[in-house]
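Since the structure comes first, as structure tokens, the remarks are kept for the end.
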Amino acid sequence: MLTVEQQIFSVISWLVVLTLLQMAFYPSLKKTFGSFAFPVSFSSSLLVFTILSWYCGLLQIPVQIALLPFLVLFCYHLFYRHYSLDELRTEWRWEMIFLICFFLMLDVRFVNPTISYAEKFMDHAFLASVMRNPVVPPLDPWFAGGTLNVYYYLGYWMLGCLGIVSGVPSNIAFNLALPTIFSLAAVNLYATGTLLLEKFRWLPLLVLFIPNPSFFFQIAQGKALNTVIWDSTRTISNTINEYPFFSFIWGDVHAHVVSLFNQVFLIFLLLYAYKRWDSLEYRAKWLVSIFCALSLGSMPLFNTWDVLIYAPITLVFIALIIWKGRKKTDRISSYWHLLAVPPLAILGYLPFYLQLKTNTGAVSLVYTPSDPLEFLLVNGLFIAIFFAFLWRDMVKRPYLLLGVIPFVLTGYVAAAIAVIPLIYFIARKHYDISDILAAVGLFILIFCEIFYLKDNMGDTYFRMNTVFKCYLPAWIILGNAACLIVGKRLSEVRELPVISARNTGIVTVIVVGVLFVLPFVIPFNLSYGTGTLDGLAYLKDSHAGDAGGITYLRTLRSDERIVEAEGGDYTYYSRISSFTGIPAIIGMPFHEYMWRGDDTGWFSARLADVQSIYEEPDKTYQLMKKYNASLLYVGDAERERYEINISVTNLEKIYSSDGTEIYRLAE
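In our numbering, each residue's number is its place in the sequence shown (first place is 1) plus 3.
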């Protein structure tokens, strides 16, 4: 377990690197983004660092080189005095939002830090693999000899490279990841509110904090809080319907969560372009377009599902911006920067697509749509806000409700509910940005009711992934739209009392203080270890043999492969590869099956070979050589899983403690 001092140093070092990236970019953005340069510099600098480090990995040169352009840029701005103390003081609110949200989520991770359940084994395995051997594509820790060109891994790459340049080990970086994503998303959401609202600019932040209606429905039934949190994301039968608050509390550093900051960043960029395109200079238009391309182009690598949603949204906004300025005589020369966004998005990470080897499914019709009540328990809050906003339109033109009849008659009642506000948003004479966002979000919900993308999840959970991966972006988009609508309506209410700056500050301090205390009051740790940022600290008490063995293995060179027990998915097995990043012959086999398929028959072969290595001494050496495995791990899990009978011929024992033995294959 890392000491308190080491953990504090890790947090400081991590924040110093993030601040360096952001501050290096900030002065260069002021001409383009004006008062938004400071918040834009947070996400844009991290995305640029990510693509630079990715190309370093592709060229197999040290990823630390990606930090050099930022150091040069920072020194350049410092030399020419582009940093003004008075100017920086005016940006305090952005920095406060970032730091408050960072430490709020760090608070949650401190209470529930363990890499011990759900997808955490996978998340840390990929993170540790990147940090152990930062090459592109990264090595697959669960498939010795394979790489992660079967999966979207850029989030782990980004966080792993941050860990490398800041000197933070993976077991700490794991618990700094979500605070970083959460705080970046918060900054982008507040920027959206500031861009579009005169008052109540903080409202879009609620997108990260509010639970769905099912959460309150579960509480009303008297369920325990831990049960409520889980059950509220399994409301629509045989699907997963997470919302950001759950995702961050649950603590998986998974692709769909890591991508959230980039989603809200792209939304802000598109809204900024829509709002201010005609006032931007030539260089500024290019910079906005390049950032849009970088954000959109990163999505397939962060979480491929996102690009299926945001690529069409980007095209819609490009069309809207062009349509908005259609009366301009020079419209082609004014908008071709935007038309460059899609090709630039593809070109940025083109080597990724050339390397990609994965199974994709076709689009198919949903034959068992959502129960309407379950649908509303997930999406009802936003839909209720839209109904309240559109009520007058519905009274004036009730005949538009006839548009839902085909959906009702064909059995898609939940879709029909979402179609009602969609029709009235589309029928409005004058579109507001919030109307456009609402319509896009509703369209996503309707699509998920009628179509799904085929995968190998079986007949019962046939649409689980589609709902899972599409509902989070839908929540972000619908939440933004609803908060913007409410903010504008509240701004028009003259009877609202005016709260002084002093009282606003007091309320803010109280709310933030309560949020900091809540993780210590509510049992977030799920009976695992707590009170540390070291995600592997719990091993010392629960698996002492593995704790020592893993600590030792994390000190070895980066070109190792290991043999360990395999015991299915979502179990404690495959823990050595997960906690060290050292590739095992096979780990979490169903995950690998989903990504790779089994055309070559590797599935049964690898499982059988691992068993033979442990149980048939005459095959140990031969099979280890087959997979170029240099290490053999024998711990409690291996003894539980197999009848251990290995030949020590050609094996050298290099570690032995607390019942754990590690052997190295003789050269």
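Beta carbons: idealized from backbone N, C-alpha and C, even for Gly.
Query raised in the report: Which runs of the alpha helix (DSSP H), 4 residues or longer, sit entirely within the segment 44 to 95?
Result: For the segment 44 to 95, the full-length alpha helix (DSSP H) segments reaching 4 residues or more read 71 to 82, 88 to 92 along the chain.
Query raised in the report: Using 8 Å as the Cβ pair cut-off and three pairs as the minimum, do the segment 628 to 638 and the segment 649 to 669 touch?
Result: Judged by Cβ distances under 8 Å, the segment 628 to 638 makes contact with the segment 649 to 669, as three or more pairs qualify.
Requested in this report: Thinking L181 and F251 are a contact (beta carbons under 8 Å), I'd like their distance in whole angstroms, please.
Outcome: 6 Å
Query - K656 (DSSP reduced to helix, strand or coil) - result: strand
Query raised in the report: Once you ignore the five residues that flank F271 on each side, which residues in its own chain have a CB closer than 6 Å to its CB?
Result: N191, A194, T195
Query raised in the report: Given a threshold of 16 other Cβ atoms within 10 Å of its Cβ, counted over all protein chains shown, does K628 qualify as buried or as exposed?
Result: exposed
Requested in this report: Could you name each continuous alpha helix (DSSP H) segment of 4 residues or more that falls completely within the segment 307 to 374, going from the start of the chain to the end?
Outcome: 334 to 342, 344 to 351, 353 to 358
Report task. Report buried or exposed for M99, applying the criterion of at least 16 other Cβ atoms within 10 angstroms of its Cβ. Result -> Exposed is the call here.
Requested in this report: Name the two residues that bound the continuous beta strand (DSSP E) containing Y666.
Outcome: 663 to 668
Requested in this report: Can you tell me which of the three DSSP states A587 falls into?
Outcome: strand
Report task. Starting from the Cα of S337, find the closest Cα among L368, V366, K288 and give me that residue. Result -> K288
**Report entry** Same chain only: Cβ atoms within 7 Å of G149, ignoring 5 sequence neighbours per side
**Finding:** D143
Requested in this report: Please work out which residues of its chain come closer than 7 Å, Cβ to Cβ, to C473, disregarding the five sequence neighbours upstream and downstream, and give them in chain order.
Outcome: W308, I312, I447, C451
Query raised in the report: So is E641 buried or exposed if we call it buried at 16+ other beta carbons inside 10 Å?
Result: Taking all protein chains in view, the Cβ of E641 is crowded by 16 or more other Cβ atoms within 10 Å, so the residue is classified as buried.
Query raised in the report: Considering F465, what are the terminal residues of the beta strand (DSSP E) in which it resides?
Result: Per DSSP, F465 belongs to no beta strand (DSSP E) and is neither H nor E.
Report task. Reducing DSSP to helix, strand and coil, say where L635 ends up. Result -> In the three-state DSSP reduction, L635 falls in the strand class (E or B).
Report task. Would you kindly work out how many angstroms separate the C-alpha atoms of R237 and Y156, rounded to a whole number? Result -> 26 Å
Query raised in the report: In the segment 133 to 184, which residue ranges form an unbroken alpha helix (DSSP H) of at least 4 residues, counting only runs that do not cross its ends?
Result: 157 to 169
Query raised in the report: Ordered along the chain, which non-local residues of its own chain (more than five positions away) have a Cβ less than 6 Å from that of V416?
Result: P375
Query raised in the report: For the putative contact between R3 and I589, defined by C-beta atoms under 8 Å, what is the C-beta separation to the nearest angstrom?
Result: The chain is shown only over 4 to 670; residue 3 falls outside these bounds and no answer can be derived.
Query - Buried/exposed call for H433, threshold 16 Cβ in 10 Å - result: Around the C-beta of H433, fewer than 16 other C-beta atoms lie within 10 Å, and the residue is accordingly described as exposed.
Report task. Determine the closest residue to M591 out of F582, S16, W598, S577, with distance taken between C-alpha atoms. Result -> S577
Query raised in the report: Opposite F454 in the DSSP bridges: which residues?
Result: L368
Query raised in the report: Along the chain, where does the alpha helix (DSSP H) that runs through F39 open and close?
Result: Unbroken run through F39: none, as it is neither H nor E.
Query raised in the report: According to DSSP, is V566 helix, strand or coil?
Result: V566: strand per DSSP, three-state reduction.
Query - Environment of M516 [buried if 16+ CB atoms lie within 10 Å] - result: Strictly speaking, residue 516 in this sequence is Gly, with Met absent from that position. Per the 10 Å Cβ criterion, exposed.
Query - Whole-angstrom C-beta distance between L49 and L24, which should lie under 8 Å - result: 6 Å
Report task. Name the residue from V524, V366, W326, A441 whose alpha carbon lies nearest to the alpha carbon of K278. Result -> Per the C-alpha coordinates, the member of V524, V366, W326, A441 positioned closest to K278 is W326.
Query raised in the report: Under 9 Å, do N265 and S301 count as touching if we go by C-beta distance?
Result: yes
Report task. Note down, in chain order, each residue of its chain lying with its Cβ closer than 6 Å to the Cβ of G254, except the 5 sequence neighbours on either side. Result -> N115
Query raised in the report: Does the Cβ of C486 have 16 or more other Cβ atoms within 10 Å, making it buried, or fewer, making it exposed?
Result: buried
Query raised in the report: DSSP on A296, reduced to helix/strand/coil?
Result: In the structure shown, A296 adopts helical secondary structure according to DSSP, grouped into three states.
Query raised in the report: Does the separation of the CB atoms of G538 and T183 fall below 9 Å?
Result: no
Query raised in the report: Going by other Cβ atoms of all chains shown within 10 Å of its Cβ, with 16 needed for buried, is A131 buried or exposed?
Result: buried
Requested in this report: Taking 9 Å as the cut-off, decide whether the C-beta atoms of W17 and L199 are in contact.
Outcome: No, the Cβ-Cβ distance between W17 and L199 is not below 9 Å.
Query raised in the report: Leaving out the 5 sequence neighbours to the left and right, which residues in its chain are closer than 7 Å to A128 when beta-carbon positions are compared?
Result: P144, W145, S580, S581, G584
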